[in-house]
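Visitor:
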Amino acid sequence: MATSITPAREDSPEAGELVATRRGRYHVLTRFDRRVLMLMVGIPLLLDVLLIWWPTASSIFLSFTNWDGVGAVTAQNFIGLKNYQFMFSGYTLFWPAFLHNIIWLAWLALIATPLGIFFAVLLDREMSGTGFYQSVFFLPVVLSLVVVGFIWELQFSPTEGFINNAFGLVKSGKLIDWLGNPRINLYSILIAASWRHVGYVMVIYLAGLKSVDPTLREAAKVDGANEIRTFFRVVFPVMAPINVVIAVITAIEALRAFDIAFIVNQGKNGLELLSILITNNSISEASLVGFGSAIAVILLLISLGPIIVFLSRVMRTTS
Amino acid sequence: MSVIAAATRRSAAPTVAARGIRPGRVALHAFLIVMSGVWLFPLFWAVYSSLRPISDTVLHGYLSWPSGGLSLANYQTVWTQADLPYYYVNTLVIAVPAVILTLVLASMVAFACTQFSWRFNLVTLMIFTAGNLLPPQVIIVPLYRIYLNTPLPMLGSIDIGKFSFPLFTDNTLLYDQYIGIMLIHIVFQTGFATFVLSNYMKTISKEITESAIVDGAHVLRIWWNIVLPLCRPALAAMATLLFTFIYNDFFWALILMKTGDKRPITSALNNLQGEFFVNNNLIAAGAMLVAIPPILVYIFLQKQFIAGLTLGSTKG
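Top to bottom, those sequences are chains B and X. Residues in the first sequence are numbered from 1 upward in steps of one, following my numbering. Residues in the second sequence are numbered from 320 upward in steps of one, following my numbering.
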């Protein structure tokens, strides 16, 4: 279609001045140019569809089957909603894993993310050493979660770890098994995950704070608002776009949680997470492809929330 | 009234700051110093443990002063016996082409979608952005099957010393291959990079592209010779960020590779945990060695890294 590609700014305020030239514009773009542009978008798009969206759709499709990965999927493989039935009522690991993801989300949303925002607010001022503090809190962000997991194992390990030794629990024999005890190990790895998450949130929030119009703050000060009031009543509302990004990042991080739990004990014994149940069921000797896909669909459905929030924001700012 | 108050306050503030004894500031610094200590401690502890000979910690426990001195012996052991250099190369073989190709693909999409308006502009950008936000585990089950069922030609291999890089595969499949890991990184990260680069390119005046077209330049030329050079800061930031992301990734290689020798360094570290890292001192040394490249990025490219992170979140 000749009209499918035209130079931009049709919808811009100055569109009026472009009207005259617009007709000429598609003659300016040669057929060759148009084909090149289509390839420039088409090739990456094809890869994205093939390796991201096709598997997403396949996950949904496979979740209605009992396919074990051998041979082709036939009509006999279709078992309707049985995977979901079993997942909700028979599979003892599903609800714990679901709960762990919720706890993960709650922890990040109520503790780690606010702490990151708090650090950002504290450091967003003319103050000696602010650069140093920023660098310190930011340091874990560059590290792999695998390394983060290893570093914290050195803290939490029962007899050799720092924490039990420092509190004299090794000497007194009252060891706390931070990573092995299913009642507390989730919180231990959440501390490790937060170590990285806080810096991440801080950096993004700081960038946002820098863009807040300083006269707003001055005006609040003039009106006699203290710093806390100024933040909640003036800065925080102005930061709404960044707040959405931070919320989305927090939610996505909680849903993606996998690495540290896997490193500690492959996601067992208190560290079950939806992401880990998916791989454990479908990519292992059990090879329950259909069942694993059903868990993946649940994870997908939850993820759609933050994804849609993010996309609607993108839409709003572009249009 | 308030104007006067502002004026007096503004003039008062510097003198107080100059005196430098505001209790608020002192408390703030005290708090931040304590928190910095808390933040740095795990890393310090890992470094400290990695420098202590195992004999020393066996005898005195981990919570003790170094009686036998500190040494790099653990690093040496990990480096040589666990074949660590080998795994760095595995990571580089995957990460370097992946970063370059991701930037090429993403900048093409961003260029076409921001410099020209066409019907599916926004939809395209949304497909890429949403794809990158999906948890990888949502797609892993079918992806694993795709990898097991995608045939690739075996065209021999490039052998350099002990390294052998198959072209394109050594088992006729996409599964368990460098190229397979590279591919999924490229596709996954292209979503992110497209989002960031298109935000950046939106700030470039379209008149540049328009006048270049009027002058008869091909779109490929405009992309490569005009728009990409203007995006250099964004490209540098993204290259830094993507390299760190891909270097740090654990999940894809864990699932889509099975041969231990081919694994990138992060998955290798996990693999070595049980079989090779028999004590915490070696684990610490291994973790620190794996952390060195990101820490170098942190030291030398922190600005780029942060720019990459914030470009993706504060604009657009």
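Idealized CB from N, CA, C, for every residue including glycine. Source: prediction; values computed, not measured.
If H197 (chain B) and A112 (chain B) are in contact, beta carbons under 8 Å, what's the gap, nearest whole angstrom?
Guide: Sure, about 4 Å apart at Cβ, within 8 Å.
Visitor: Going by DSSP in three states, K622 (chain X) sits in which element: helix, strand or coil?
Guide: It is helical.
Visitor: Three or more beta-carbon pairs under 8 Å between the stretch 247-254 of chain B and the stretch 181-192 of chain B, yes or no?
Guide: Contact between the stretch 247-254 of chain B and the stretch 181-192 of chain B is absent, because fewer than three Cβ pairs lie under 8 Å.
Visitor: I'd like to check one pair, L274 (chain B) with N101 (chain B): are the Cβ atoms closer than 7 Å?
Guide: In contact: N101 (chain B) and L274 (chain B) (Cβ atoms closer than 7 Å).
Visitor: Please list, in chain order, the chain B residues whose beta carbon lies closer than 8 Å to that of G510 (chain X).
Guide: What G510 (chain X) touches in chain B: D48, I52.
Visitor: Suppose only complete runs of 4+ residues qualify. What are the alpha helix (DSSP H) ranges in the stretch 208-289 of chain B, listed by chain order?
Guide: Those alpha helix (DSSP H) runs which fall completely within the stretch 208-289 of chain B and span 4+ residues are 214-222, 227-230, 240-256, 259-265, 274-282.
Visitor: With distances taken Cα to Cα, identify the nearest neighbour of Q134 (chain B) among B:K82, B:F119, B:L51, B:I242.
Guide: Minimum Cα distance to Q134 (chain B) is reached at B:F119.
Visitor: Have a look at T644 (chain X) and P461 (chain X) and give me their C-alpha separation to the nearest angstrom.
Guide: Absent from the structure is residue 644 (chain X), since the part of chain X shown begins at 320 and ends at 635.
Visitor: What's the C-alpha gap between S436 (chain X) and G208 (chain B)?
Guide: Spanning the two alpha carbons is a distance of roughly 29 Å.
Visitor: In whole angstroms, what separates the C-alpha of L441 (chain X) from that of L516 (chain X)?
Guide: Cα-Cα distance, rounded: 14 Å.
Visitor: Which bits of chain B does C432 (chain X) rub up against, with CB to CB less than 8 Å?
Guide: Here the neighbours are V41.
Visitor: Measuring only between beta-carbons, confirm whether A251 (chain B) sits less than 7 Å from chain C.
Guide: Of the chains in the structure shown, none is chain C; the protein chains are B and X.
Visitor: Name the chain B residues whose beta carbon is nearer than 7 Å to that of A346 (chain X)?
Guide: Near A346 (chain X) there are no residues of chain B at all, since even the closest Cβ is about 11 Å away, more than 7 Å.
Visitor: Can you tell me where the beta strand (DSSP E) holding L486 (chain X) begins and where it ends?
Guide: 482-487 is the span of the beta strand (DSSP E), which, as asked, contains L486 (chain X).
Visitor: Using a cut-off of 7 Å between C-beta atoms, extract the partners of P461 (chain X) located in chain B.
Guide: Ordered by position in chain B, the residues that pass the 7 Å Cβ test against P461 (chain X) are P55, S58, S59, L62.
Visitor: Chain B partners of Y381 (chain X), CB-CB under 8 Å?
Guide: Going along chain B in sequence order, the residues near Y381 (chain X) (Cβ under 8 Å) are E160, G161, F162, N165.
Visitor: Once you ignore the five residues that flank I370 (chain B) on each side, which residues in its own chain have a CB closer than 6 Å to its CB?
Guide: This structure gives no information on residue 370 (chain B), because the portion of chain B shown stretches from 1 to 319.
Visitor: Would you list the one or two residues that DSSP bridges to F78 (chain B)?
Guide: Bridge partners of F78 (chain B): B:T65.
Visitor: Just checking my contact of A417 (chain X) with I565 (chain X) at CB under 8 Å: how many whole Å lie between their CB atoms?
Guide: About 5 Å separates the two Cβ atoms, so the contact holds.
Visitor: 7 Å is my cut-off, CB to CB: does Q155 (chain B) come that close to chain X?
Guide: Yes, because at least one Cβ of chain X sits closer than 7 Å to the Cβ of Q155 (chain B).
Visitor: At a CB distance below 7 Å, what residues from the stretch 274-303 of chain B approach chain X? Give them in sequence order.
Guide: Of all residues in the stretch 274-303 of chain B, S275, I278, T279, S282, I283, V289, G292, S293, A296, L299, L300, S303 have a Cβ within less than 7 Å of some Cβ in chain X.
Visitor: Can you look up L359 (chain B) in the DSSP assignment and give me helix, strand or coil?
Guide: The first residue shown for chain B is 1 and the last is 319, placing residue 359 (chain B) beyond what the model contains.
Visitor: Closest to P455 (chain X) by CA distance: which of X:G631, X:A606, X:F569, X:V616 is it?
Guide: Measuring from the Cα of P455 (chain X), the nearest candidate turns out to be X:F569.
Visitor: Could you tell me the alpha carbon to alpha carbon distance between A604 (chain X) and G593 (chain X), rounded to whole angstroms?
Guide: C-alpha separation (whole angstroms): 15 Å.
Visitor: Quick check on T376 (chain X): buried or exposed, where buried means 16 or more other Cβ atoms within 10 Å of its Cβ?
Guide: The residue is buried, with at least 16 neighbouring Cβ atoms inside 10 Å.
Visitor: Whose CA, out of B:S194, B:S63, B:V234, B:V238, lies closest to the CA of P361 (chain X)?
Guide: Checked all of B:S194, B:S63, B:V234, B:V238; the closest Cα to P361 (chain X) is B:S194.
Visitor: Quick one: does T488 (chain X) have its CB under 7 Å from some CB of chain B?
Guide: No, T488 (chain X) lies away from the interface with chain B (no Cβ there is under 7 Å from its Cβ).
Visitor: Do you know offhand how far V245 (chain B)'s Cα is from A531 (chain X)'s?
Guide: Approximately 36 Å, taken between the alpha carbons.
Visitor: If you reduce the DSSP assignment to three classes, tell me which class P470 (chain X) lands in.
Guide: Looking at P470 (chain X) - three-state DSSP - the assignment turns out to be strand.
Visitor: Is any beta-carbon of chain X found at less than 7 Å from that of R229 (chain B)?
Guide: Output row for R229 (chain B): interface = no.
Visitor: According to DSSP, what are the bridge partners of W53 (chain B)?
Guide: BP columns for W53 (chain B) are empty, so no partner.
Visitor: Compare the Cα-Cα distances from A464 (chain X) to each of X:T488, X:L452, X:L493 and report the closest residue.
Guide: In the sequence under discussion, the amino acid at residue 464 (chain X) is Arg, which differs from the Ala named in the question. Nearest C-alpha to R464 (chain X): X:L493.
Visitor: Return helix, strand or coil for W384 (chain X), following the three-state DSSP convention.
Guide: It is coil, neither helix nor strand.
Visitor: To the nearest angstrom, report how far apart Q508 (chain X) and F61 (chain B) are at their CA atoms.
Guide: Near 25 Å, if we compare the C-alpha coordinates of F61 (chain B) and Q508 (chain X).
Visitor: What residues match up with I477 (chain X) in a beta bridge as DSSP calls it?
Guide: Paired residue(s): X:F484.
Visitor: Taking Cβ positions only, does F78 (chain B) come closer than 7 Å to chain X?
Guide: So, not an interface residue.
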